[in-house]
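Below you'll find the structure, written out as structure tokens, and then a few comments.
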Ligand code: ADP
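Residue numbers (the numbering used here): 244 to 434.
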């Protein structure tokens, strides 16, 4: 199994690159953001709860997020591996992910961080907001809050996996193909 964490700030291109990685390496893409948006779109109890955090640019509580992630992993046991996008977003979630995989005899193989600077992120997300229909993409103060949550709570996840030599940074500026080639090189080297 090959399990990859696609990491980086909001708007760094994780979702776009995940689609390409899935095509090439045949992994299952699990995006907690997409899972929450699905629930919000269906107005489920989970969706309503998630929305109250997402609309402010805050993290959804860990127990809710980890439970949802675990369900998705448990429901798809026969895959070549998972690509986690938007998860883990703090150290507690990282420990939970390690436990979930370990129970099945697996582990995280690599964490790939897309490096994109804050001003580029704000520009990209505001631009995406014109068509994404996402309420968290349209307001600059909410976007800046997402970036500060990333810097405070999420960024340490890089070091958490770096301790076992699994973390790599990749330049997230360039054409989609250029960035994909950089990611592919790291994935091929971690096989
Ligand atoms: P982006 O990477 O652009 O921030 P996502 O789709 O990954 O977008 O996430 C959107 C929002 O969903 C986040 O701002 C957060 O509120 C919530 N969310 C997604 N994943 C998690 C997670 N692992 N833990 C807590 N909240 C999450």
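Glycine is no exception: its CB is placed at the ideal position from the N, C-alpha and C atoms. Just so you know, these numbers come straight off a predicted model, no measurement behind them.
Top-ranked residue by Cα proximity to residue i, from the options
i: residue 266; options: 331, 377, 386 and 326; result: 326
i: residue 328; options: 429, 254, 374 and 418; result: 254
i: residue 362; options: 416, 428, 285 and 425; result: 416
i: residue 398; options: 377, 346, 333 and 306; result: 333
i: residue 437; options: 405, 389, 251 and 274; result: Any property of residue 437 remains undetermined from this structure, which presents the chain solely from 244 to 434.
i: residue 391; options: 299, 277 and 430; result: 299
i: residue 321; options: 277, 352 and 244; result: 244
i: residue 305; options: 291, 410, 277 and 338; result: 338
i: residue 276; options: 263, 420, 269 and 301; result: 301
i: residue 418; options: 250, 256, 251 and 290; result: 256
i: residue 316; options: 372, 375, 420 and 246; result: 246
i: residue 384; options: 286, 408, 368 and 283; result: 368
i: residue 353; options: 285, 286, 402 and 393; result: 402
i: residue 407; options: 433, 348 and 426; result: 433
i: residue 400; options: 258, 340 and 319; result: 340
Rounded straight-line distance, which links the Cα of residue j to that of residue i
i: residue 382; j: residue 248; result: 28 Å
i: residue 365; j: residue 423; result: 22 Å
i: residue 386; j: residue 323; result: 34 Å
i: residue 351; j: residue 389; result: 25 Å
i: residue 346; j: residue 336; result: 15 Å
i: residue 371; j: residue 377; result: 9 Å
i: residue 285; j: residue 420; result: 34 Å
i: residue 307; j: residue 291; result: 12 Å
i: residue 264; j: residue 360; result: 23 Å
i: residue 186; j: residue 268; result: In this structure the chain extends from 244 to 434, so residue 186 is not present and cannot be described.
i: residue 410; j: residue 287; result: 36 Å
i: residue 393; j: residue 405; result: 17 Å
Whole-number beta carbon distance between residue j and residue i, since they are thought to touch under 8 Å
i: residue 356; j: residue 413; result: 7 Å
i: residue 261; j: residue 279; result: In fact, because the Cβ distance is near 16 Å, the residues do not count as touching under 8 Å.
i: residue 344; j: residue 330; result: Wrong, their Cβ atoms sit about 12 Å apart, outside the cutoff.
i: residue 297; j: residue 379; result: 6 Å
i: residue 395; j: residue 251; result: Wrong, their Cβ atoms sit about 15 Å apart, outside the cutoff.
i: residue 282; j: residue 289; result: 5 Å
Residues that DSSP places opposite residue i in a beta bridge
i: residue 498; result: Since the first residue shown for the chain is 244 and the last is 434, residue 498 is missing from the structure and cannot be characterised.
i: residue 279; result: None; residue 279 has no bridge partner.
i: residue 272; result: 326
i: residue 249; result: 328 and 355
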